[in-house]
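J.: Sharing a structure with you now.
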Amino acid sequence: MRTYFDLTGRSALVTGAGAGIGAAVSEALAAAGASVLVTDISGEAAARVAERINAAGGKADSAALDVSDRAAAEAAAAQAAALGQGDLHIVVNNAGVTSPAMFPKLTDETFRVTFDIHVMGTFHVTQAALPHIPTDGTGRVINVTSSAGITGTLGQVNYSAAKAGLIGFTKSLARELASKNIMVNALAPLAATPMTETIRTNEKFAANMMNRIPLKRWAEADEVAGAFVFLASDAASYITGQVLPVDGGMVM
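Heads up: the sequence shown begins at 1 in UniProt numbering, then just goes up one per residue.
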């Protein structure tokens, strides 16, 4: 019988994985059998997550990774491929930043850095990983976008623009890599993480968000991690170019 969600023998690279969704995804992939390279701009944070995975019986390594640094992205891709005996099966582009502000108060710096980390960072990591991704149907690129990139969000023009860019990136690359049997998809998760703390603790922003979520609550990071395992697994072998919201029904 086919085991759809078994990732044994596969390797994964997760960016922005020192906390929040990235950490939860790393742990979920490892629990499904994958060998995971946990990366984060904070090498210490990444190491803590990898140690937690190994202590639980999984297999993980860690590395400091600034996704805006192409050379660092290439080194991380090679390190992750070494976990898979030369193949890098799963790439999760999760690294991101947010700087909420109403449009008149946005600066060139906050707009540019948000775009550079989300879009250019995803470009760097994916391009570095591509030579290592197998073409036997197990290759996956999973980009992390947001409802902000689909519908827009109050006080987040910079973030929304970057996340919308990732949707276009995902769909175009999916068409390009389909001939190589590599699936490219995006997830739009919503969870209570350090990145969403500003929104969750700002009365105006928090009320606006809660009014848009039919389930009337924020998810915990591990509640959205299973969707990443799904897209990384054989259960998603005929899915590419899609954006899957995991947001309590906010986008439907």
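For each residue, glycine too, the CB sits at the ideal point set by N, CA and C.
Just so it is clear, the structure is predicted and the values come from calculations on it, not from any experiment.
1) Just to confirm, are Ile-21 and Thr-193 a CB contact at a threshold of 9 angstroms?
2) Mapping the DSSP letters down to three states, classify Pro-134 as helix, strand or coil.
3) Rounded to the nearest angstrom, how far is the Cβ of Gln-156 from that of Pro-100, given a contact under 8 angstroms?
4) Can you have a look at Arg-140 and say buried or exposed, based on whether 16 or more other CB atoms are within 10 angstroms of its CB?
5) Taking Asp-136 as the reference, which of Leu-65, Ala-55 and Ser-237 has the closest Cα?
6) Looking at chain C, is there any beta carbon in it that lies within less than 9 angstroms of the beta carbon of Met-209?
7) On a Cα-Cα basis, can you pick out the residue from Met-250, Thr-107, Ala-186 and Ala-32 that is closest to Thr-98?
8) For Ile-133, which residues from the same chain have a beta carbon less than 6 angstroms from its beta carbon, with the 5 sequence-adjacent residues on both sides left out?
9) Figure out for me which residue from Ala-225, Ser-233 and Gly-249 has the closest Cα to the Cα of residue 277.
10) Relative to the C-alpha of Asp-66, which candidate in Gln-242, Ala-81 and Asp-116 has its C-alpha closest?
11) Applying the criterion that 16 or more other CB atoms from any shown protein chain within 10 Å of the CB defines a buried residue, is Phe-228 buried or exposed?
12) Would you kindly check if the distance between the Cβ of Val-184 and the Cβ of Ala-219 is under 9 angstroms?
13) Starting from the C-beta of Ala-28, find all residues in its chain whose C-beta is less than 6 angstroms away, skip the five residues before and the five after it, and write them out in chain order.
14) If you check the beta carbons only, do Val-91 and Val-125 fall under 9 angstroms apart?
15) Could you give the residue range of the alpha helix (DSSP H) that holds Met-210?
16) Anyone know if the C-beta pair for Ala-31 and Ala-76 falls short of 9 angstroms?
17) Should Lys-105 go down as buried or exposed, given a rule of 16 or more other Cβ atoms within 10 Å for buried?
18) Near Val-251, what residues of its chain come up, given a Cβ to Cβ distance below 7 angstroms and the 5 sequence neighbours on each side ignored?
19) Among Gly-58, Ser-35, Ala-23 and Ala-55, whose alpha-carbon lies nearest the alpha-carbon of Ile-41?
20) In three-state DSSP terms, what is Asp-40?
21) Bridge partners for Ser-62 per DSSP, in chain order?
22) Where does Ser-35 land, buried or exposed, given buried means 16+ other C-beta within 10 angstroms?
T.: Walking through what the data contain:
1) For the purposes of this step, residue 21 is identified with residue 21 of the sequence shown, where counting begins at 1. For the purposes of this step, residue 193 is identified with residue 193 of the sequence shown, where counting begins at 1. Yes, the Cβ-Cβ distance between Ile-21 and Thr-193 is below 9 angstroms.
2) Reading the sequence shown from its first residue, position 134 is the one you call residue 134. Pro-134: coil per DSSP, three-state reduction.
3) Along the sequence shown, read from residue 1 onward, the residue named residue 156 stands at position 156. Along the sequence shown, read from residue 1 onward, the residue named residue 100 stands at position 100. Correct: roughly 5 angstroms between the Cβ atoms.
4) As a working note, residue 140 is residue 140 in the sequence shown. Arg-140 comes out buried.
5) Taking the first residue of the sequence shown as 1, we reach residue 136 at position 136. When each option's Cα is compared against that of Asp-136, the closest is Ser-237.
6) Among the chains in the structure shown there is no chain C, since it carries only a single protein chain.
7) What you label residue 98 is simply residue 98 of the sequence shown in a count that begins at 1. When each option's Cα is compared against that of Thr-98, the closest is Thr-107.
8) Along the sequence shown, read from residue 1 onward, the residue named residue 133 stands at position 133. Taken in chain order, the residues that qualify are Leu-88, Gly-139 and Ile-182.
9) The structure shown has nothing for residue 277, since the chain only spans 1 to 252.
10) In the sequence shown, the residue the question calls residue 66 occupies position 66. Ranking Gln-242, Ala-81 and Asp-116 by Cα distance to Asp-66 puts Asp-116 first.
11) Residue numbering aside, residue 228 sits at position 228 when the sequence shown is read from its first letter. It counts as buried.
12) Position 219 of the sequence shown, counted from the first residue, corresponds to residue 219. Position 184 of the sequence shown, counted from the first residue, corresponds to residue 184. No.
13) The residue given as residue 28 occupies position 28 in the sequence shown. Taken in chain order, the residues that qualify are Ala-225 and Val-229.
14) If you number the sequence shown from 1, residue 91 lands on position 91. If you number the sequence shown from 1, residue 125 lands on position 125. Yes, the Cβ-Cβ distance between Val-91 and Val-125 is below 9 angstroms.
15) Within the sequence shown, numbered from 1, the residue matching residue 210 stands at position 210. Run containing Met-210: 203 to 212, per the alpha helix (DSSP H) assignment.
16) For the purposes of this step, residue 31 is identified with residue 31 of the sequence shown, where counting begins at 1. For the purposes of this step, residue 76 is identified with residue 76 of the sequence shown, where counting begins at 1. In this structure, Ala-76 does not lie closer than 9 angstroms to Ala-31 by Cβ.
17) By one-based count along the sequence shown, residue 105 stands at place 105. Exposed is the call here.
18) To locate residue 251, count along the sequence shown from 1; it is residue 251. Around Val-251: Ser-147, Ile-150, Thr-151, Ala-188 and Pro-245.
19) Numbered from 1 along the sequence shown, position 41 holds the residue referred to as residue 41. The candidate whose alpha carbon is nearest that of Ile-41 is Ala-23.
20) Along the sequence shown, read from residue 1 onward, the residue named residue 40 stands at position 40. In this structure, Asp-40 counts as strand in the three-state DSSP scheme.
21) Within the sequence shown, residue 62 is the residue found at index 62, counting from 1. Paired residue(s): Val-38.
22) As a working note, residue 35 is residue 35 in the sequence shown. Buried, because 16 or more other Cβ atoms sit within 10 Å of the Cβ of Ser-35.
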